[in-house]
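*Asks:* Provided herewith is a single structure, encoded as structure tokens, for subsequent inquiry.
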Amino acid sequence: MNPLSKKAGIPPGSMVYIGPGRDSPALVERISYNRDSLIVEQISSGEPFSGKADMINLILFHGVHDVQAVHGLALEFGVHPLISEDIVNTMHRPKVNRDDQHLFLTMKTCYTDKETSSVRFEQISFLVTGNTLVCFRENADDFSVKIRERLASKDSRLRNSGVDYLLYALLDYFVDNYFHVLEQLGSEQDGLQEEMLDLPAAEHLERIFKLRRETSALRQAIWPLREIINSFLNHDEGFMRSRTRAFFRDVHDHCLHIMDSLEMLREMNTSLHEVYLSLASHRLNTVMKLLTIIATIFIPLTFIAGVYGMNFEYMPELAWKAGYFICLGFMALIGLGLIGFFKYKRWF
Amino acid sequence: MNPLSKKAGIPPGSMVYIGPGRDSPALVERISYNRDSLIVEQISSGEPFSGKADMINLILFHGVHDVQAVHGLALEFGVHPLISEDIVNTMHRPKVNRDDQHLFLTMKTCYTDKETSSVRFEQISFLVTGNTLVCFRENADDFSVKIRERLASKDSRLRNSGVDYLLYALLDYFVDNYFHVLEQLGSEQDGLQEEMLDLPAAEHLERIFKLRRETSALRQAIWPLREIINSFLNHDEGFMRSRTRAFFRDVHDHCLHIMDSLEMLREMNTSLHEVYLSLASHRLNTVMKLLTIIATIFIPLTFIAGVYGMNFEYMPELAWKAGYFICLGFMALIGLGLIGFFKYKRWF
Amino acid sequence: MNPLSKKAGIPPGSMVYIGPGRDSPALVERISYNRDSLIVEQISSGEPFSGKADMINLILFHGVHDVQAVHGLALEFGVHPLISEDIVNTMHRPKVNRDDQHLFLTMKTCYTDKETSSVRFEQISFLVTGNTLVCFRENADDFSVKIRERLASKDSRLRNSGVDYLLYALLDYFVDNYFHVLEQLGSEQDGLQEEMLDLPAAEHLERIFKLRRETSALRQAIWPLREIINSFLNHDEGFMRSRTRAFFRDVHDHCLHIMDSLEMLREMNTSLHEVYLSLASHRLNTVMKLLTIIATIFIPLTFIAGVYGMNFEYMPELAWKAGYFICLGFMALIGLGLIGFFKYKRWF
Amino acid sequence: MNPLSKKAGIPPGSMVYIGPGRDSPALVERISYNRDSLIVEQISSGEPFSGKADMINLILFHGVHDVQAVHGLALEFGVHPLISEDIVNTMHRPKVNRDDQHLFLTMKTCYTDKETSSVRFEQISFLVTGNTLVCFRENADDFSVKIRERLASKDSRLRNSGVDYLLYALLDYFVDNYFHVLEQLGSEQDGLQEEMLDLPAAEHLERIFKLRRETSALRQAIWPLREIINSFLNHDEGFMRSRTRAFFRDVHDHCLHIMDSLEMLREMNTSLHEVYLSLASHRLNTVMKLLTIIATIFIPLTFIAGVYGMNFEYMPELAWKAGYFICLGFMALIGLGLIGFFKYKRWF
Amino acid sequence: MNPLSKKAGIPPGSMVYIGPGRDSPALVERISYNRDSLIVEQISSGEPFSGKADMINLILFHGVHDVQAVHGLALEFGVHPLISEDIVNTMHRPKVNRDDQHLFLTMKTCYTDKETSSVRFEQISFLVTGNTLVCFRENADDFSVKIRERLASKDSRLRNSGVDYLLYALLDYFVDNYFHVLEQLGSEQDGLQEEMLDLPAAEHLERIFKLRRETSALRQAIWPLREIINSFLNHDEGFMRSRTRAFFRDVHDHCLHIMDSLEMLREMNTSLHEVYLSLASHRLNTVMKLLTIIATIFIPLTFIAGVYGMNFEYMPELAWKAGYFICLGFMALIGLGLIGFFKYKRWF
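Chains as they are written, first to last, in the numbering used here: chain R, 286 to 633; chain D, 286 to 633; chain P, 286 to 633; chain V, 286 to 633; chain B, 286 to 633.
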């Protein structure tokens with residue numbers, strides 16, 4: 286539940302990687318660009334991280350488990366020990382931190398694990414200092430390719446804007462992941478509903494609760510991010526240019542939209558749970574009612590059979606030639622009469 | 286669930302139409318008016334959108350799927366790329382956006398689909414620049430006719446007020462649609478309740494949840510609109526004339542009224558759900574209780590029949606002449622006694 | 286549900302009466318008073334409404350369905366069209382509206398309908414201009430008599446205070462009506478609980494939900510009123526004299542008290558619902574358990590009878606002289622044993 | 286429910302005692318003290334209430350039903366009519382009221398009625414004017430003795446502080462009563478839980494709801510008091526000395542603590558309700574399951590007995606010498622087999 | 286429930302120890318340090334508590350039940366009586382209190398009791414005055430050892446920072462305990478879920494509610510602490526150095542993280558409760574359905590046996606040679622047919 290307890294009792298500022306263990310060194314890539322040129326370099330361990338002063342430098346740091354490399358970078362850029370601790374601690378709550386030289390922002394992005402079709406979170410940290418932006422994460426995906434594509438054209442807005450716009454573009458990219466996950470959750474919920482209407486089973490309940498937990502986890506991840514971007518918009522001290530402002534407001538709107546959709550998903554989930562309970566109990570009731578009706582039809586008939594099975598010496602009907610057949614007919618009449626009565630009462 | 290994910294990963298400011306696909310070009314109508322004259326024109330694609338500078342120009346833009354045309358208009362009026370993105374993205378959350386030249390407002394109106402009798406939303410965007418108001422929407426209805434009727438008379442307040450009053454008149458028109466939908470939902474809920482009291486069926490539950498989802502969706506649409514109009518009233522920078530102010534406050538009151546009614550609908554819906562559950566369980570209980578009572582009456586009788594069906598050699602009653610009839614009478618007595626007892630206990 | 290939709294699409298400021306239709310003209314009474322004299326006049330349609338400038342004028346306007354008369358008064362006192370619209374629209378949310386010359390306040394009062402014993406609301410609007418207070422409502426009751434009684438004595442506080450105190454006295458009168466209704470609801474709820482404890486029936490559930498809806502409606506009516514009086518106390522611009530202030534604060538406290546009581550009623554209602562469900566299920570369980578116990582007692586007995594009804598050629602017990610009676614005794618033993626066992630287990 | 290409705294329609298400022306009727310005149314005691322001397326006097330009706338100007342005067346007024354005496358005191362101290370109305374109206378919501386000369390504070394204290402073991406509230410009002418503090422309540426208890434004991438010692442803090450500390454000491458005394466009641470409720474709840482675990486009965490449900498109502502009533506009484514003391518701490522205009530401040534903050538903390546405990550009690554109550562429902566249904570299920578199992582064991586046996594009771598002419602088993610015993614053995618086998626199967630399945 | 290009621294009615298400022306009784310005197314240890322030296326001393330009762338003025342003094346006070354010793358320390362450091370009362374009263378709500386010379390902060394830490402595996406809380410109070418920090422608690426654990434280890438190295442941040450950093454380090458230590466407890470609760474909840482899926486039992490419900498109560502208690506303990514640290518960050522009057530500020534913000538973030546995790550735990554607990562109810566009812570339904578199916582299969586068969594047990598004189602089938610075997614075969618057919626039908630309907 287709370288791997289953070291690994292850290293309890295250790296002096297603050299100690300860097301302890303919290304997450305699934307890894308051994309390989311971090312993969313670090315530096316993309317330096319300005320209007321005129323675009324340089325992409327791999328940085329081996331030991332090399333300095335800083336790029337050219339007259340270019341915008343985007344450092345993609347993959348593998349925050351490599352505490353050593355994070356420490357080196359933190360030293361080089363003069364980062365507060367608590368912040369390097371936060372980068373490595375991948376269980377952190379989204380937060381923003383500013384001082385004179387640095388802007389630090391950590392958030393969570395999410396994706397759906399193809400195999401288990403469950404939601405996974407990944408912590409992304411951004412460190413802005415001067416015209417350098419470092420993006421820390423654990424796993425590499427095709428993100429680096431996409432960003433290079435968008436930087437390829439000399440006329441792209443990304444190429445011609447400052448580091449503030451670059452931060453926006455990255456934030457936007459990782460926030461947009463939520464929409465994929467929302468869509469996935471929505472369609473999973475719809476599929477679940479259809480299956481349930483066919484035959485409600487106990488495992489549906491489990492899946493309903495899994496979806497509920499995921500919706501909660503998404504809300505816990507996006508809620509502080511919204512706050513952060515909001516405080517960012519309201520108390521910006523000279524970092525953001527006025528024309529980038531509108532873009533950050535747009536990310537903020539996306540967060541609100543995601544929260545609305547989560548609210549909607551949550552309500553649908555609650556309805557789904559109620560529908561499940563209702564369907565399961567409806568099905569049970571139908572079965573029990575039908576069984577009880579069958580029993581109720583036979584009980585009077587068995588009683589009649591019992592009567593004529595009595596051994597009284599004088600029972601006139603027994604001596605009748607057609608007694609047996611009259612009795613059978615009478616039983617059929619009662620049986621059909623009861624069935625008719627139950628049908629009329631719409632009991633089945 | 287979230288067609289917005291179509292957009293994820295695409296550079297911001299890209300215009301992607303989100304909604305049911307269409308091919309036809311946009312239909313654009315410009316109504317220019319002042320105290321003296323009223324001109325209605327259809328604008329073909331390629332023509333400039335701007336009207337006369339000394340008149341108030343209302344541009345009704347039907348068909349936001351025509352990304353090209355929206356782009357053209359945006360260019361002509363100098364609109365920020367993010368805003369033209371928002372116009373085209375019909376899944377947007379209601380919002381307001383102001384800069385020096387432009388006032389942009391997007392909201393949702395709603396109507397009930399005649400065929401499926403479910404609630405549909407439509408996004409309406411307003412762009413005010415100078416004395417021109419552009420109203421973007423996807424579908425054309427008789428709105429254009431109504432607005433021209435109200436502009437026909439030279440003495441109408443609409444004809445004699447500024448572009449701020451025009452914006453109010455349009456907002457008021459689209460907010461009023463909510464009242465129609467509320468009435469529809471209310472009468473649907475009342476009808477549902479009556480049907481349910483007759484015979485509660487599983488499909489009623491589904492309809493209860495449909496109504497609940499619709500109530501939620503309406504609340505999600507009207508809630509940010511109320512906020513927007515409120516912020517509009519509190520932080521207006523020279524756009525609104527003081528005598529139009531009262532009218533905007535009136536729309537604000539309508540929003541509050543709608544939210545109150547939605548709250549009421551929601552509570553009624555919850556009650557309806559509880560009534561359904563209670564009725565369904567009451568009905569089942571009545572049936573099961575009656576069936577169990579029938580069984581309980583026959584069980585002792587069958588036991589008696591069983592006793593006299595035993596083959597003991599010495600059973601004095603069997604030899605009695607009237608034994609059989611005494612036995613039958615005794616059984617009838619017990620049966621009627623039990624029925625009387627259950628009646629007395631008010632068990633059925 | 287929402288008669289307001291009658292108004293949707295009509296130009297704003299149009300006066301449309303919303304409520305049960307009436308034909309008769311409005312009844313208007315003017316009570317003018319100062320320290321020295323007290324004049325009560327009926328105002329026929331067409332006569333001016335304004336009273337003497339050196340007296341305080343209370344105009345009681347009964348019958349807001351008479352749109353013509355309201356229009357006339359609005360014109361005479363220079364009232365904004367939106368306000369005259371609000372007076373006539375009796376579905377309005379409580380609100381307050383101030384401009385330089387006028388103070389407009391609309392609220393809801395409530396009473397219990399004697400016949401249906403359900404809560405009815407009536408909209409009361411107040412318009413203060415100069416030293417004239419107009420009180421608009423639909424129905425006349427003994428209110429006019431009561432106010433004249435209080436004005437009769439030359440030494441009454443009402444007679445010696447300004448129009449602000451007059452407004453307070455009227456507000457206080459209409460707010461006090463809520464206490465009557467609260468008491469009525471409370472005693473209805475208590476009666477319901479007693480009936481339910483006797484024998485829970487399906488119609489009790491309906492009455493529980495009726496009470497819940499009424500409690501909600503009362504809250505929706507009193508909540509904005511409290512806000513209004515609060516904003517009134519905080520942002521008064523010269524209308525209220527300092528010694529009247531304490532009285533308005535008193536009305537505010539009454540609103541808070543009403544809201545507390547409503548909260549309490551609501552909680553009692555929820556408990557009542559839970560008690561109903563619990564009682565109904567308890568009753569059903571008692572019945573079913575007893576029936577099942579009866580069946581369970583007879584089932585082994587019937588089995589024994591069945592055994593001795595078998596036709597095996599060699600069954601020694603059958604030949605015993607006392608076999609039948611031993612068998613009956615054994616059955617009685619088993620029956621009583623089971624009853625004793627169930628008693629011991631406290632199953633009934 | 287709402288005895289306040291007695292007051293509806295009566296001119297404001299009228300003093301109407303709301304509470305159980307009494308006839309006896311009020312008992313008024315005045316304790317005047319300073320560093321040097323301590324005087325305790327009974328004040329008969331008609332005598333002036335004011336004490337010595339150079340001493341601190343604590344007037345304990347028991348019996349607010351004596352409207353005449355309250356009126357006399359109000360006149361003597363120049364109290365606003367609305368405040369004397371509030372003193373007499375014992376259903377009032379806790380509130381504070383300040384003007385130039387007076388500080389008026391009304392709160393509720395609570396105690397558990399020994400006989401019915403239910404929570405009772407009593408309204409306590411404090412009026413501070415100059416160095417006189419009047420404490421109004423309906424019933425006398427040993428409070429007066431306790432306060433005199435604490436004043437007895439010349440070195441006690443109470444004796445050496447101002448009227449502000451005196452007010453604190455009284456507030457603290459009456460707030461501390463809540464802790465007694467909380468403890469009582471807590472132990473009642475614990476006892477209830479134990480009884481329930483023994484055998485859940487319908488009357489437990491009633492007691493659960495009684496406790497819930499009492500918890501709500503306590504919250505409604507303490508919540509506004511907390512607000513009052515808070516506003517007192519934040520907007521004090523020269524009444525409180527700085528060293529008394531810490532003591533008032535302490536009472537404020539006690540209110541918070543009480544609210545936390547109430548929240549905890551409420552949650553425990555909800556759990557208790559859920560445990561009750563769960564236990565009651567568990568017990569019913571155990572009984573029904575056992576009964577059904579008994580029936581299910583006998584049904585196949587009865588069938589076999591029925592088979593050998595058939596009258597076919599050729600049934601070979603019937604002629605076997607040991608047929609009957611084989612049959613009985615077979616029945617025993619089936620019966621034991623079923624019991625074993627149900628045990629194995631852990632069905633009972 | 287509320288041992289605080291021990292205190293009700295006693296003059297404020299009286300020190301009454303609230304907690305499990307103890308007799309032994311308090312154990313007091315003083316750790317004085319600066320850059321150059323580190324002195325650890327045991328302080329016997331009667332000795333002065335103050336350390337050297339030019340060193341930072343950490344006084345670890347174990348055993349707040351020793352009211353005498355707390356009183357002595359309070360006198361020596363000039364602490365307000367209400368604060369010494371709060372130190373001793375171990376049921377206090379977390380709070381902060383500042384005056385010119387002192388900073389007082391009380392919080393709750395938590396740990397899991399090894400034996401009962403339930404959550405225990407311990408109150409920790411901090412008193413800062415000059416460069417002395419006193420840490421009051423009831424029980425001694427290995428905390429003192431850990432803090433001395435961290436002080437051992439001359440280069441540790443703790444050794445080289447002020448009393449503000451020392452307070453941070455202690456706060457951080459006690460807040461980190463929450464993570465251990467969270468982890469414990471989380472794994473307990475997971476274990477419970479697994480056990481439940483095996484066979485839901487009544488005692489699981491009890492454990493679910495125990496976990497819920499503990500989650501609530503943790504929230505009640507951490508919530509005010511978060512507020513306190515927040516107010517600390519916002520209204521610090523010269524106590525904190527700017528570089529310590531970031532560390533306090535880090536503790537604040539930990540509190541937020543704990544609250545998020547508690548929220549998550551709470552939701553999981555609710556789900557667990559719903560899963561329990563669902564599983565228990567599912568299991569019962571399966572059993573009852575199967576039993577009813579068994580009964581339903583035998584009822585028609587028993588009826589047939591009854592029919593051929595009738596004693597009519599003329600029943601042709603009885604005379605057939607193979608009658609008995611045809612009848613048995615027919616019964617088997619009906620029985621298998623019903624089983625097939627129920628299987629086909631997926632009823633078991």
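Think of the CB as a built atom: it goes at the ideal place given N, C-alpha and C, for glycine as much as any other residue. Predicted model only: the values in this text are computed from it and were never measured.
Specify the secondary structure class of V/V349 as computed by DSSP and reduced to three states.
*Replies:* In the structure shown, V/V349 sits in coil (DSSP, three-state: anything other than H, G, I, E or B).
*Asks:* For D/E407, would you say it is in contact with chain P, using Cβ-to-Cβ distances shorter than 9 Å as the test?
*Replies:* D/E407 does not count as touching chain P.
*Asks:* Is it true that the CB of R/S410 sits closer than 9 Å to the CB of R/D371?
*Replies:* Going by C-beta atoms, R/D371 is nearer than 9 Å to R/S410.
*Asks:* Can you pull the chain D neighbours of R/V592, defined as C-beta to C-beta under 7 Å?
*Replies:* Under the 7 Å cutoff, chain D gives A590.
*Asks:* Listing by chain order, which chain V residues have their CB less than 8 Å from the CB of B/H365?
*Replies:* By Cβ distance, chain V contributes A531.
*Asks:* For D/Y609, report the span of its alpha helix (DSSP H) as first-last.
*Replies:* Here the alpha helix (DSSP H) through D/Y609 covers 608-629.
*Asks:* Which of helix, strand or coil does DSSP assign to R/V364?
*Replies:* Coil at R/V364, not helix or strand.
*Asks:* Would you call R/I324 buried or exposed, if buried means 16 or more other Cβ atoms sit within 10 Å of its Cβ?
*Replies:* So R/I324 counts as exposed.
*Asks:* What's the C-alpha gap between B/V352 and B/V373?
*Replies:* Near 7 Å, if we compare the C-alpha coordinates of B/V373 and B/V352.
*Asks:* Can you round the beta-carbon distance between R/R405 and R/C395 to whole angstroms, since I take them to be within the 8 Å contact cut?
*Replies:* At roughly 7 Å, the Cβ-Cβ gap stays under 8 Å, so R/R405 and R/C395 are in contact.
*Asks:* With burial defined as no fewer than 16 other Cβ atoms inside 10 Å of the residue's Cβ, what is the status of P/R526: buried or exposed?
*Replies:* Looking at its Cβ environment, which holds fewer than 16 other Cβ atoms inside 10 Å, P/R526 is exposed.
*Asks:* How big is the Cα-Cα spacing for R/G471 and D/S556?
*Replies:* Between R/G471 and D/S556, the C-alpha separation is close to 27 Å.
*Asks:* So, is P/I611 buried or exposed, given that buried needs 16 or more other C-beta atoms within 10 angstroms?
*Replies:* Exposed is the call here.
*Asks:* Which value, in whole angstroms, describes the spacing of the CA atoms of B/F627 and B/F633?
*Replies:* So the two alpha carbons sit approximately 7 Å from each other.
*Asks:* Can you find at least 3 beta carbon pairs, one from the stretch 499-515 of chain D and one from the stretch 569-588 of chain D, that sit closer than 8 Å?
*Replies:* No, the stretch 499-515 of chain D does not touch the stretch 569-588 of chain D.
*Asks:* Given a cut-off of 9 Å on the beta-carbon distance, is the pair P/T571 and D/I584 in contact?
*Replies:* Contact: no.
*Asks:* Comparing the C-beta of B/S563 with each C-beta of chain R, is any distance below 9 Å?
*Replies:* So, interface residue.
*Asks:* Measure the alpha-carbon distance for V/R422 versus B/S446 and round it to whole angstroms.
*Replies:* Between V/R422 and B/S446, the C-alpha separation is close to 57 Å.
*Asks:* Inspect the beta-carbon positions of R/V381 and R/L367 and report whether they are closer than 9 Å.
*Replies:* No; because the gap between Cβ atoms is not below 9 Å, this pair is not in contact.
*Asks:* Indicate whether the contact test is met: 3 or more Cβ pairs, each with one atom in the stretch 478-485 of chain V and one in the stretch 452-462 of chain V, closer than 8 Å.
*Replies:* As far as the Cβ criterion goes, the stretch 478-485 of chain V does not touch the stretch 452-462 of chain V, which means the pair count is below three.
*Asks:* Could you name each continuous alpha helix (DSSP H) segment of 4 residues or more that falls completely within the stretch 570-609 of chain B, going from the start of the chain to the end?
*Replies:* Runs found: 601-604.
*Asks:* Three-state secondary structure (DSSP) at B/H387?
*Replies:* If DSSP states are grouped into helix, strand and coil, B/H387 belongs with the strands.
*Asks:* Say whether chain V places a C-beta atom closer than 9 Å to the C-beta of B/N287.
*Replies:* Reliability fails at B/N287, whose pLDDT of 46 lies under 50, so the model's placement of it is uncertain and no value is given.
*Asks:* Taking the CB atoms as reference points, tell me whether V/L467 and V/L550 lie closer together than 9 Å.
*Replies:* Yes, they are a contact pair.
*Asks:* For P/S369, which residues in the same chain have their Cβ closer than 7 Å to its Cβ, ignoring the five residues on either side in sequence?
*Replies:* So the qualifying residues of the chain are M300, V355, H356, A359.
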